[in-house]
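If you count the sequence shown from 1, position 54 lands on 66 in our numbering, and the numbers rise without skipping. Every residue gets a Cβ at the ideal spot worked out from N, C-alpha and C, and that includes glycine. Just so it is clear, the structure is predicted and the values come from calculations on it, not from any experiment. In what follows, a single structure is set out as structure tokens and then discussed.
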Amino acid sequence: MYAINHAATALLIKKNSPKLPLFPLLISVQLVEVLWVFFNYLGWEHFSISGGRVHLDFLPYSHSVFSGVAAAVLSFCVINCGYKNRKLALAFAIGVLSHVMIDVIFHEKDIQLSPFSAKPAFGLGILDFPILNFIIEFVYGLFCWWYFKGSKALLWTITIFNFLDLPMMLAHGDSLNIFVHYPFILPTVILFQILITWYFVYRYAHSKNDKNSPVIGEI
Ligand SMILES: [Zn+2]
13 MYAINHAATA LLIKKNSPKL PLFPLLISVQ LVEVLWVFFN YLGWEHFSIS GGRVHLDFLP
73 YSHSVFSGVA AAVLSFCVIN CGYKNRKLAL AFAIGVLSHV MIDVIFHEKD IQLSPFSAKP
133 AFGLGILDFP ILNFIIEFVY GLFCWWYFKG SKALLWTITI FNFLDLPMML AHGDSLNIFV
193 HYPFILPTVI LFQILITWYF VYRYAHSKND KNSPVIGEI
């Protein structure tokens, strides 16, 4: 799943716990992806390109069921013990878990049960069908907005970023050569997407039109 719709998941959690600050929730739903970016920079994880498509291939440390659960438990302990905030700890842990659970639906069979063994690995492979991928992700993003009862600006944010993902979803063949020659570009593009969607979702989830959400100063 692309950055905007992972970020939209934070809206579901926020709606269920309106008193919790949104920004940590936005971090929680993308924690696993931020780890993926840095593990790629470090060479611990890698993607490949074959058959004219990007394959995420090797990401067992950031994106396995075991590491998702471990990151959720660790986050819970740090926030619960360090900040004495059990509600935020639980919401953050759910956000971390949501990432791997959602990615299992979209990824190819590359999400291992644990980093210690290549099998079993899970993934429904929706990423291999770009138009279907686009429709499901966009509908999911719209659902999160509707559930959250977000502002018009937030709806535009979700819509525009979903359409901006289309070229990446449809990219195939020679257009992917740049990622072969410069492997740091893909994680950098993803990192940029994470940061910019954090900014816009945070900003517009707090717009004046949105009576369900506290304004920034109230958090
Ligand atoms: Zn992911």
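Does at least one heavy atom of ligand 1 sit under 8 Å from the Cβ of Val44? yes
Beta-carbon proximity list for Ile231, same chain, < 7 Å, skipping 5 on both sides: Low per-residue confidence applies at Ile231: pLDDT is 46, beneath 50, and the placement is therefore not dependable enough to give any value.
Which stretch, first to last residue, makes up the alpha helix (DSSP H) that contains Ser163? No alpha helix (DSSP H) contains Ser163, which DSSP labels as neither H nor E.
Ala83 versus Val192, Asn28, Val41, residue with shortest Cα-Cα distance: Val41
On the three-state DSSP scale, how would you describe Pro195? coil
Which whole-angstrom value is the C-beta distance of Ile106 and Ile25, which I expect to be below 8 Å? 6 Å
Given 8 Å, three or more beta-carbon pairs between the region 96 to 105 and the region 73 to 88: yes
Since I believe Phe134 is in contact with Val116 (beta carbons under 8 Å), could you give me their beta-carbon distance rounded to a whole number of angstroms? 5 Å
Contact under 9 Å by Cβ, Val66 with Ala183: yes
Inter-residue spacing [alpha-carbon to alpha-carbon] between Glu149 and Phe141: 12 Å
With distances taken between CB atoms, is the gap from Phe59 to Asp69 smaller than 9 Å? yes
For ligand 1, is there any heavy atom lying closer than 8 Å to the beta carbon of Asp115? yes
Confirm the yes/no value for this check: CB of His75, any heavy atom of ligand 3, distance under 8 Å. Among the ligands present in this structure, namely ligand 1, ligand 3 is not found.
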